[in-house]
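Right under this line is the structure:
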């Protein structure tokens with residue numbers, strides 16, 4: 152079985168990449184200053200926040216689970 156810490160670290164890479172993409176899109180929306188782009192950036196940021204909370208819960212459960 153894979154060590155839980157290694158599993159969480161591998162899966163967190165997806166979260167880091169997603170965060171970089173969202174930050175880039177937020178910068179793009181700030182430069183464009185169009186309401187539709189700003190709303191899209193807000194929706195994307197909120198979606199990432201929900202995903203990150205879920206990831207944090209999953210990671211905590213994975214790291215605190217007793218190994219057989």
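Numbering (the numbering used here), first residue to last: 152 to 219. We put the CB at the ideal spot given by N, CA and C, even for glycine. Values in this document were obtained by computation on a predicted structure and should not be read as measured data.
query, result
"Per-residue DSSP class, three states only, for residue 153", "coil"
"Straight-line gap, residue 172 to residue 163 (C-alpha atoms, nearest Å)", "14 Å"
"Through-space distance from residue 188 to residue 179, alpha-carbon basis", "8 Å"
"Alpha carbon of residue 170 to alpha carbon of residue 155, nearest angstrom", "23 Å"
"Per-residue DSSP class, three states only, for residue 217", "coil"
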